[in-house]
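J.:
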Amino acid sequence: MSSEKNLNLKLNVWRQKNAQSEGGFETYEAPGISTEMSFLEMLDVVNEDLITKGADPIAFDHDCREGICGACSMVIDGRPHGPKERTTACQLHMRSFNDGDTIAIEPWRAAAFPVQRDLIVDRAAFDRIIAAGGFISAPTGSAQDANSLPVSKQNADLAMDAAACIGCGACVAACPNASAMLFVSAKVSQLALLPQGQPERYIRVRDMVAQMDAEEFGTCTNHGECEAACPKGISVENIARMNRDYLKASLTYRPEATGGGAG
Amino acid sequence: MELKSNIPEGPLEKKWEKYRNDMKLVNPANKRKYKIIVVGSGLAGASAAASMAELGYEVDCFCYQDSPRRAHSIAAQGGINAAKNYHNDGDSVFRLFYDTVKGGDFRAREANVHRLAEVSVNIIDQCVAQGVPFAREYGGLLDNRSFGGAQVSRTFYARGQTGQQLLLGAYQALERQIGLGKVKMHSRHDMQELILVDGVAKGIVTRDMVTGAIESHLAHAVCLATGGYAPVFYLSTNAMGCNTTAIWRAYKKGAAFANPCFTQIHPTCIPITGDHQSKLTLMSESLRNDGRIWVPKKPGDKRPPNDIPEDERDYYLERKYPSFGNLAPRDIASRAAKEACDNGLGVGETGLGVYLDFADSIKRLGMHAIEEKYGNLFEMYERITDENPYKTPMRIYPAAHYTMGGLWVDYNLMSTIPGLFVMGEANFSDHGANRLGASALMQGLADGYFVAPYTVGNYLAGVKPSEHPTTAHAAVQAAEATVKARIEKLLAIKGKRTPTHFHRELGKIMWEHCGMARNEESLKKALELIPKLREEFWSDLLIPGAGDELNQSLEHAARVGDFFELAELMCLDALERRESCGGHFREESQTPDGEAQRDDANFCHVAAWEYQGEGKTPVRHIEPLVFENVHLATRSYK
Ligand SMILES: Cc1cc2nc3c(=O)[nH]c(=O)nc-3n(C[C@H](O)[C@H](O)[C@H](O)COP(=O)(O)OP(=O)(O)OC[C@H]3O[C@@H](n4cnc5c(N)ncnc54)[C@H](O)[C@@H]3O)c2cc1C
Ligand code: FES
Chain Z
2 MSSEKNLNLK LNVWRQKNAQ SEGGFETYEA PGISTEMSFL EMLDVVNEDL
52 ITKGADPIAF DHDCREGICG ACSMVIDGRP HGPKERTTAC QLHMRSFNDG
102 DTIAIEPWRA AAFPVQRDLI VDRAAFDRII AAGGFISAPT GSAQDANSLP
152 VSKQNADLAM DAAACIGCGA CVAACPNASA MLFVSAKVSQ LALLPQGQPE
202 RYIRVRDMVA QMDAEEFGTC TNHGECEAAC PKGISVENIA RMNRDYLKAS
252 LTYRPEATGG GAG
Chain D
947 MELKSNIPEG PLEKKWEKYR NDMKLVNPAN KRKYKIIVVG SGLAGASAAA
997 SMAELGYEVD CFCYQDSPRR AHSIAAQGGI NAAKNYHNDG DSVFRLFYDT
1047 VKGGDFRARE ANVHRLAEVS VNIIDQCVAQ GVPFAREYGG LLDNRSFGGA
1097 QVSRTFYARG QTGQQLLLGA YQALERQIGL GKVKMHSRHD MQELILVDGV
1147 AKGIVTRDMV TGAIESHLAH AVCLATGGYA PVFYLSTNAM GCNTTAIWRA
1197 YKKGAAFANP CFTQIHPTCI PITGDHQSKL TLMSESLRND GRIWVPKKPG
1247 DKRPPNDIPE DERDYYLERK YPSFGNLAPR DIASRAAKEA CDNGLGVGET
1297 GLGVYLDFAD SIKRLGMHAI EEKYGNLFEM YERITDENPY KTPMRIYPAA
1347 HYTMGGLWVD YNLMSTIPGL FVMGEANFSD HGANRLGASA LMQGLADGYF
1397 VAPYTVGNYL AGVKPSEHPT TAHAAVQAAE ATVKARIEKL LAIKGKRTPT
1447 HFHRELGKIM WEHCGMARNE ESLKKALELI PKLREEFWSD LLIPGAGDEL
1497 NQSLEHAARV GDFFELAELM CLDALERRES CGGHFREESQ TPDGEAQRDD
1547 ANFCHVAAWE YQGEGKTPVR HIEPLVFENV HLATRSYK
């Protein structure tokens, strides 16, 4: 932790014009950086300077800048979202660095997340996994009174813990196999812990895992790097919960009866 | 231009029912022949797109983020209101309706607000059915808390992440429809123009933000759910990408813009630290349930807060508003903080801050209870400021947060352009001149789940499936050409200053002249400064790179260009409304004790502006507001 007010830094940043081109590292000076700045504000300063010099600024995803939208996504000195535990890049402050540091900044690296430009990757694979089954089918208007379905506080709290995932993809970026198990299991767990989620419980886990396998995510070999990198502290217990459900789903699988015939 | 609100006849509490009984329906077999465009995937957009697809329509949905799940609704912290009266504390649909009308300082439409209160209860049911993990009590039932401007406990919440959980519920419903092929999602697509064919909304032009391709999309109806425009102040609690572009294009195509000056400054945000600041972080209003706001009584008192004895502190909200105390509505709490700081009582290095102190609550309820309720907010505060709010009071200051103004809509949520619907924060909405906490989420979801699916259907029932232009249509070609020309113009300037530079300068003008307090002289000053700065923007802007690639500077510049024009309209609207109401405080119009003084005789109306063309002054139209069910009272929280 720095006690200085202003830092002089060097950045090694991955630059890549588009998905087709080959990328490489470029070095930039970042002088006079206030420790009150967030990491992204530091990049803003560097970018303002690049633009005025007529160069292309460093492209990076960001939106809420308060750790909740999951847009920001960069590997800082080898760690997704940087050195501070349970902190997204946008909430990381420069007081976590020291004067004279050289900081390496790279995009998420995973086959399922192709780079679109510089630090920006395509995470649509996550959306497709949710589309495959990460929901409860409850068309608008069909709901009963909310309090007719009590949920034990313990389960509600566990469901909320799992639901806190922001879908940033740090878990994939941290995993040596680029597995998406933590992301998928968080949604599977949340919905399996709630009474509303029971009817589709086993179909859901099967369909989501099938989609995960269809995307280019790796397999989980229990490294646990995902939990360590997760800015929201999503626990690997979710993976254990999902594995149990998945096993049960595989054992009880019956191909759906073909439709028609009614009436 | 005629502003027909199309409010159904009959008693207030029967209007929405009557509407649903009378509305026209589209034959179920025909629904798939209609295409609806929904721009936006926040609470309003995602819920509308999913619900309309469930009904059988073909939907095209757009957002500028890489995934619909990242819409700015995700950031809402505190909660969502609903008149469930689960706590038996006297809540009812009427009371929620009344609180909302009063909270908005009597500048909203009665019929719309009543409908909102009616469907509020269905929203909670819907969200629970989707698996939204709301906070619960030990008995397994739903928990509630209080928010500003209300004396009942009607706010449902999911820790400090209510918006996230509600949005993920809507997003999952949307993804389900995407999986079923009923919704086609276009992420990283920026809407840049609205397409009208013979005066009717029939499509949009977008820029693919990865390839730069300019594309037209056509439909039988267009819904804008593109959120608010608070970043016109540059610094705000909104996400960096929040913008006015979609509704501004619609305005310039003839949709009336209502009450643009009605903006909400939120009282509890983390203070600014320096010029590098890119956004301001909100500390949820829910904190005012247990935190007490104070400043030192002595100007310039530099002692650490815990060294200032009790009798040398001014708990000014409790003193001035004994019955609502720290839960006074936002506009009042913000102005009171500004007043304290203007009087030299502000705290922190900049003197622009007041304390929000939890010491008493921690003593009363214990550390654990406070941690349970607000743990994640306290963590967020500490991460940003490096101070521990369990030990030392938070420092907070008001920041631009929400925009009550937006495109004018009738009871159907249709703008003055036929076929163009506007939902969520993007419309001028149900919040009048001030929105109460926890009612934006309610309104967004009400519009999307329970209003638009009916009213858009009612409109489509009068449109033939064949009434659908092709991309070869001259109007489509013209719209695309406008977009391309504008992008080329921006890129061709090649000046010296960046989009951020201009945005920041514009924000300073707006905050100073059209912020928490406004007066004639300073608004007129702003109306001189803005066009001057805008001219510089169009002659000295520097955007690197090209249009046919991922170019974040170009995206930003295009938005800033629209903010410039909107800023002028906001100041004009603020100038013309010579009364104080809600978030719009005109210094010339205050009571002897410094409270907002409404002028119902002259301003009990919605002001809706009609565009007249480049360089011409827009025309101000009026929709009178009629109050038949509530008494037009002076708003008092004392
Ligand atoms: C920090 C914070 C906390 C809040 N807390 C609360 C709370 O506790 N309770 C409450 O009731 N309200 C709260 N609010 C207000 C509330 O969150 C918003 O008013 C509400 O979520 C807006 O929803 P929306 O669907 O209208 O718009 P948004 O969620 O902003 O969504 C806008 C959508 O439009 C898309 N879009 C915008 N422009 C374009 C374009 N040009 N082209 C293509 N797509 C575009 C975006 O991609 C996005 O999908 C809070 C707001 C903030 C900022
Ligand atoms: S920018 Fe939203 S989480 Fe970082």
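As given, the protein sequences belong to chains Z and D, one line each in that order. Read in order, the letters of the first sequence are residues 2 to 264 in this note's numbering. Read in order, the letters of the second sequence are residues 947 to 1584 in this note's numbering. A virtual CB, placed ideally from N, CA and C, is assigned to each residue, including glycine. Fair warning: this is a prediction, and the values are worked out from it, not measured in the lab.
#1: Would you tell me roughly how many angstroms separate the C-alpha atoms of Ser1232 (chain D) and Arg1091 (chain D), rounded to the nearest one?
#2: Touch check for the stretch 1266 to 1282 of chain D and the stretch 1324 to 1331 of chain D: three-plus C-beta pairs under 8 Å?
#3: Name the chain Z residues whose beta carbon is nearer than 7 Å to that of Lys1225 (chain D)?
#4: DSSP on Ser1162 (chain D), reduced to helix/strand/coil?
#5: Answer yes or no: does any C-beta atom of chain D fall closer than 7 Å to that of Pro81 (chain Z)?
#6: Could you give the DSSP three-state label for Met95 (chain Z): helix, strand or coil?
#7: Heavy atom of ligand 2 less than 6 Å from the Cβ of His63 (chain Z), yes or no?
#8: To the nearest angstrom, how far is it from the Cα of Phe1483 (chain D) to the Cα of Lys1470 (chain D)?
#9: Identify every run of the beta strand (DSSP E) within the stretch 993 to 1075 of chain D, keeping only runs that are complete inside it and at least 3 residues long; order them along the chain.
#10: Excluding the 5 residues preceding and the 5 following Ala266 (chain Z) in the sequence, name in chain order all residues of the same chain whose CB lies nearer than 6 Å to its CB.
#11: On the criterion of 16 or more Cβ atoms from any shown chain inside 10 Å, does His1163 (chain D) qualify as buried, or is it exposed?
#12: Counting only beta-carbon atoms, is Tyr1084 (chain D) nearer than 7 Å to chain Z?
#13: So which of Z:Ala111, Z:Cys65 and Z:Asn48 has the shortest CA-CA distance to Cys176 (chain Z)?
#14: Against Arg1015 (chain D), what residues of chain Z qualify as contacts under a CB-to-CB distance less than 7 Å, listed in chain order?
#15: In whole angstroms, what separates the C-alpha of Phe1509 (chain D) from that of Ile130 (chain Z)?
#16: In chain order, what residues of the stretch 1198 to 1214 of chain D put their CB closer than 8 Å to some CB of chain Z?
#17: Grab the span of the beta strand (DSSP E) containing Trp1354 (chain D) for me, first residue to last.
#18: Going along chain Z, which residues have a C-beta under 8 Å from Met1326 (chain D)?
#19: As an exercise, report each continuous alpha helix (DSSP H) stretch of at least 4 residues that is fully enclosed by the stretch 1255 to 1318 of chain D, in chain order.
#20: Once DSSP output is grouped into helix, strand and coil, what is the label at Lys249 (chain Z)?
#21: Could you pull out every unbroken beta strand (DSSP E) segment of at least 3 residues lying fully inside the stretch 1516 to 1584 of chain D, listed in chain order?
#22: For Tyr1320 (chain D) and Phe1304 (chain D), I'd like the C-alpha separation in whole angstroms.
#23: For Lys1454 (chain D), which of D:Phe1179, D:Arg1061 and D:Gly1370 has the nearest alpha-carbon?
#24: Measuring only between beta-carbons, confirm whether Pro151 (chain Z) sits less than 7 Å from chain D.
#25: Closer than 6 Å to a non-hydrogen atom of ligand 1 - does that hold for the CB of Ala1386 (chain D)?
#26: Where does Gly1149 (chain D) sit, in a helix, a strand or coil, going by DSSP?
#27: Using 8 Å as the threshold, is the stretch 1370 to 1389 of chain D in touch with the stretch 1021 to 1034 of chain D, meaning 3 or more CB pairs across them?
#28: Closer than 6 Å to a non-hydrogen atom of ligand 2 - does that hold for the CB of Gly1187 (chain D)?
#29: Against His1018 (chain D), what residues of chain Z qualify as contacts under a CB-to-CB distance less than 9 Å, listed in chain order?
#30: In angstroms with no decimal places, state the Cα-to-Cα distance between Arg1061 (chain D) and Met1131 (chain D).
#31: Starting from the Cα of Pro1564 (chain D), find the closest Cα among D:Asn973, D:Glu1256 and D:Ala1204 and give me that residue.
#32: I think Ile1069 (chain D) touches Val1402 (chain D), with their Cβ atoms under 8 Å apart; what is that distance to the nearest whole Å?
#33: Chain Z partners of Gln1622 (chain D), CB-CB under 7 Å?
#34: Identify whether Glu955 (chain D) lies in helix, strand or coil by the three-state DSSP scheme.
#35: Kindly indicate if chain Z contains any beta-carbon less than 7 Å away from that of Asp1012 (chain D).
#36: Would Gly33 (chain Z) and Asn13 (chain Z) qualify as a contact pair, given that the criterion is a beta-carbon distance under 7 Å?
T.: Reading off the structure:
#1: If you draw a straight line from the Cα of Ser1232 (chain D) to the Cα of Arg1091 (chain D), it comes to about 8 Å.
#2: The stretch 1266 to 1282 of chain D and the stretch 1324 to 1331 of chain D do not touch, with fewer than 3 CB-CB distances between them shorter than 8 Å.
#3: Ordered by position in chain Z, the residues that pass the 7 Å Cβ test against Lys1225 (chain D) are Arg66.
#4: Here Ser1162 (chain D) sits in strand by DSSP.
#5: Pro81 (chain Z) does not count as touching chain D.
#6: Helix.
#7: Result yes, Cβ under 6 Å from ligand 2.
#8: Computed Cα separation, rounded: 20 Å.
#9: Within the stretch 993 to 1075 of chain D, the runs of beta strand (DSSP E) at least 3 residues long that lie entirely inside it are, in chain order, 1004 to 1008.
#10: Lying outside 2 to 264, the shown extent of chain Z, residue 266 (chain Z) is not represented and no answer is given.
#11: Around the CB of His1163 (chain D), 16 or more other CB atoms lie within 10 Å, so the residue is classed as buried.
#12: Cβ-Cβ to chain Z under 7 Å: yes for Tyr1084 (chain D).
#13: Out of Z:Ala111, Z:Cys65 and Z:Asn48, Z:Ala111 has the C-alpha closest to the C-alpha of Cys176 (chain Z).
#14: Chain Z residues near Arg1015 (chain D): Gly168.
#15: Phe1509 (chain D) and Ile130 (chain Z): Cα-Cα distance of roughly 37 Å.
#16: The residues in question: there are none.
#17: No beta strand (DSSP E) holds Trp1354 (chain D); DSSP gives it neither H nor E.
#18: Scanning chain Z for C-beta atoms nearer than 8 Å to the C-beta of Met1326 (chain D) yields Glu67, Gly68 and Gln92, reported in chain order.
#19: If we require 4 residues or more, the alpha helix (DSSP H) runs fully inside the stretch 1255 to 1318 of chain D come out as 1262 to 1266, 1276 to 1288 and 1305 to 1311.
#20: In the structure shown, Lys249 (chain Z) sits in a helix (DSSP, three-state: H, G or I).
#21: Taking only runs of at least 3 residues, the beta strand (DSSP E) segments lying wholly in the stretch 1516 to 1584 of chain D are 1551 to 1556 and 1565 to 1570.
#22: Just so you know, the alpha carbons of Tyr1320 (chain D) and Phe1304 (chain D) end up roughly 11 Å apart.
#23: Considering only alpha carbons, the answer is D:Phe1179.
#24: Chain D, which has a Cβ nearer than 7 Å to the Cβ of Pro151 (chain Z), makes this yes.
#25: Yes, ligand 1 has a heavy atom inside 6 Å of this Cβ.
#26: Under the three-state reduction of DSSP, Gly1149 (chain D) is assigned to strand.
#27: The stretch 1370 to 1389 of chain D vs the stretch 1021 to 1034 of chain D: in contact.
#28: For ligand 2, not one heavy atom lies less than 6 Å from the Cβ of Gly1187 (chain D).
#29: Asp64, Cys65 and Cys70, listed in chain order.
#30: Separation of Arg1061 (chain D) and Met1131 (chain D) (C-alpha to C-alpha, rounded to the nearest whole angstrom) is 30 Å.
#31: Among D:Asn973, D:Glu1256 and D:Ala1204, the Cα nearest to that of Pro1564 (chain D) is on D:Ala1204.
#32: About 18 Å; that fails the 8 Å criterion.
#33: This structure cannot speak to residue 1622 (chain D), because chain D is shown only from 947 to 1584.
#34: For Glu955 (chain D), the three-state secondary structure derived from DSSP is coil.
#35: By this cut-off, Asp1012 (chain D) is an interface position.
#36: Contact: no.
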